[in-house]
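Protein chains: 2
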Amino acid sequence: MRERKIPLNLNCGLDLAGEVLYGKWKIRLLWFINAGHKRPSELQRKIPDASRRVLNVQLNELEAHGLIKKKIFAVVPPKVEYSLTSFGETIIPVIGTLGKWADENENRLRDLIQNINIKQPEEN
Amino acid sequence: MRERKIPLNLNCGLDLAGEVLYGKWKIRLLWFINAGHKRPSELQRKIPDASRRVLNVQLNELEAHGLIKKKIFAVVPPKVEYSLTSFGETIIPVIGTLGKWADENENRLRDLIQNINIKQPEEN
DNA sequence: TCGCATAGGGATAAATTTATCCCATATTGT
DNA sequence: ACAATATGGGATAAATTTATCCCTATGCGA
Numbered sequence: 001m002r003e004r005k006i007p008l009n010l011n012c013g014l015d016l017a018g019e020v021l022y023g024k025w026k027i028r029l030l031w032f033i034n035a036g037h038k039r040p041s042e043l044q045r046k047i048p049d050a051s052r053r054v055l056n057v058q059l060n061e062l063e064a065h066g067l068i069k070k071k072i073f074a075v076v077p078p079k080v081e082y083s084l085t086s087f088g089e090t091i092i093p094v095i096g097t098l099g100k101w102a103d104e105n106e107n108r109l110r111d112l113i114q115n116i117n118i119k120q121p122e123e124n
Numbered sequence: 001m002r003e004r005k006i007p008l009n010l011n012c013g014l015d016l017a018g019e020v021l022y023g024k025w026k027i028r029l030l031w032f033i034n035a036g037h038k039r040p041s042e043l044q045r046k047i048p049d050a051s052r053r054v055l056n057v058q059l060n061e062l063e064a065h066g067l068i069k070k071k072i073f074a075v076v077p078p079k080v081e082y083s084l085t086s087f088g089e090t091i092i093p094v095i096g097t098l099g100k101w102a103d104e105n106e107n108r109l110r111d112l113i114q115n116i117n118i119k120q121p122e123e124n
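Sequence order for the protein chains is S and Y. Start counting the first sequence at 1; every next residue gets the next number (UniProt numbering). Start counting the second sequence at 1; every next residue gets the next number (UniProt numbering).
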């Protein structure tokens with residue numbers, strides 16, 4: 001990884017959580033791996049908006065952070081399977097909670113995000 | 001806000017959640033506001049690693065996304081108080097879950113993050 | 001023999017996010 | 001007079017993250 005010019009802030013727990021979960025696709029990757037989509041090509045199909053490259057990068061980071069592990073099969077064409085480590089499994093309920101919140105508020109969120117700069121939301 | 005060149009991905013709930021929660025300090029801001037630290041200067045003292053500027057920017061975004069509201073008192077020196085909207089309150093348990101996870105795994109996380117590129121963690 | 005599937009990663013450009021610096025307001029205390 | 005307090009935001013630089021492009025490898029099927 002690149003030499004970091006600005007040191008990470010790792011003061012409180014939330015900093016640490018941020019460090020392993022930030023990344024445009026990481027949460028989704030964990031979620032899908034947990035749901036049984038183990039191969040890179042499957043994940044790519046599940047997340048078509050991400051390029052192959054970024055998924056690799058983020059999978060590598062998740063692996064380096066000990067949330068997922070990688071099994072390489074010595075076959076051709078190549079076959080790789082990711083799975084959660086036992087540590088990685090502990091984060092799944094957290095993601096579940098977040099997803100549940102997002103789903104329950106999907107319409108509202110979509111509205112707020114889309115209408116920024118068009119109108120101020122009523123306070124409440 | 002700046003014109004965005006690459007459109008946001010807002011397919012699933014998690015994308016939406018990401019859109020309002022991403023930002024280096026947003027989660028902490030929500031947490032502290034909920035804990036009763038309402039004034040910008042208080043928040044700044046609570047999060048000394050962030051510059052005043054960024055906190056303002058992120059507070060503005062949280063407000064635009066309808067998670068917090070701002071009350072300005074017409075006094076000098078200026079006084080401002082933020083508080084959660086009722087919608088903002090609904091995200092607090094989610095942050096709580098994340099924080100709890102992070103605290104429970106603090107040592108492990110700290111270890112993993114610090115030792116990247118020094119050794120590969122044992123699988124498990 | 002070409003094309004496809006599968007996986008991985010270097011190099012570099014572009015986009016986005018953060019950081020830094022600076023200025024403004026108006027009152028109270030030194 | 002001058003510093004400090006409190007809040008806010010413009011302008012611009014720097015850092016970081018994503019996106020793009022391209023190249024590698026090896027069998028299988030058309």
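Here a beta-carbon is modelled for each residue, glycine too, at the ideal position from N, C-alpha and C. From a predicted model like this one, the values you see are computed outputs, not experimental measurements.
For residue i, three-class secondary structure by DSSP
{"i": "Y:Leu29", "result": "helix"}
{"i": "residue 145 of chain Y", "result": "There is simply no residue 145 of chain Y to check, as chain Y begins at 1 and stops at 124 in what is shown."}
{"i": "Y:Asp49", "result": "coil"}
{"i": "Y:Arg4", "result": "coil"}
Opposing strand residues paired with residue i [DSSP bridges]
{"i": "Y:Leu10", "result": "Looking at the DSSP assignment, Y:Leu10 forms no beta bridge with any residue, so it has no partner."}
{"i": "Y:Lys69", "result": "Y:Ser83"}
CB contact check: residue i to chain S, cutoff 8 Å
{"i": "Y:Asn34", "result": "no"}
{"i": "Y:Gly88", "result": "no"}
{"i": "Y:Ala102", "result": "yes"}
{"i": "Y:Val94", "result": "yes"}
{"i": "Y:Val57", "result": "no"}
{"i": "Y:Glu106", "result": "yes"}
Separation of residue j from residue i, as counted between CA atoms
{"i": "S:Leu109", "j": "Y:Thr85", "result": "14 Å"}
{"i": "residue 125 of chain S", "j": "S:Ala64", "result": "The question about residue 125 of chain S has no answer here: the residues shown for chain S are numbered 1 through 124."}
{"i": "S:Ala50", "j": "S:Ala74", "result": "27 Å"}
{"i": "S:Ile6", "j": "S:Gly18", "result": "16 Å"}
{"i": "Y:Gln44", "j": "S:Val76", "result": "56 Å"}
{"i": "Y:Leu62", "j": "Y:Ile92", "result": "14 Å"}
{"i": "S:Phe87", "j": "Y:Ile72", "result": "45 Å"}
{"i": "S:Asn11", "j": "Y:Tyr22", "result": "18 Å"}
{"i": "Y:Pro121", "j": "Y:Lys38", "result": "Summary for Y:Pro121: the model assigns pLDDT 39, below 50, so the residue's position carries little reliability, and this model does not support an answer."}
{"i": "Y:Val20", "j": "S:Glu104", "result": "15 Å"}
Segment limits, beta strand (DSSP E) that includes residue i
{"i": "Y:Val94", "result": "Careful: Y:Val94 lies outside any beta strand (DSSP E), inside the alpha helix (DSSP H) at 86-104."}
Continuous alpha helix (DSSP H) stretch holding residue i: start and end
{"i": "Y:Lys46", "result": "40-46"}
{"i": "Y:Arg53", "result": "52-64"}
Within-8 Å CB hit, residue i to chain Y
{"i": "S:Arg45", "result": "no"}
{"i": "S:Ile113", "result": "yes"}
{"i": "residue 166 of chain S", "result": "Nothing about residue 166 of chain S can be reported from this structure: the residues present for chain S run from 1 to 124 only."}
{"i": "S:Ile91", "result": "yes"}
{"i": "S:His65", "result": "yes"}
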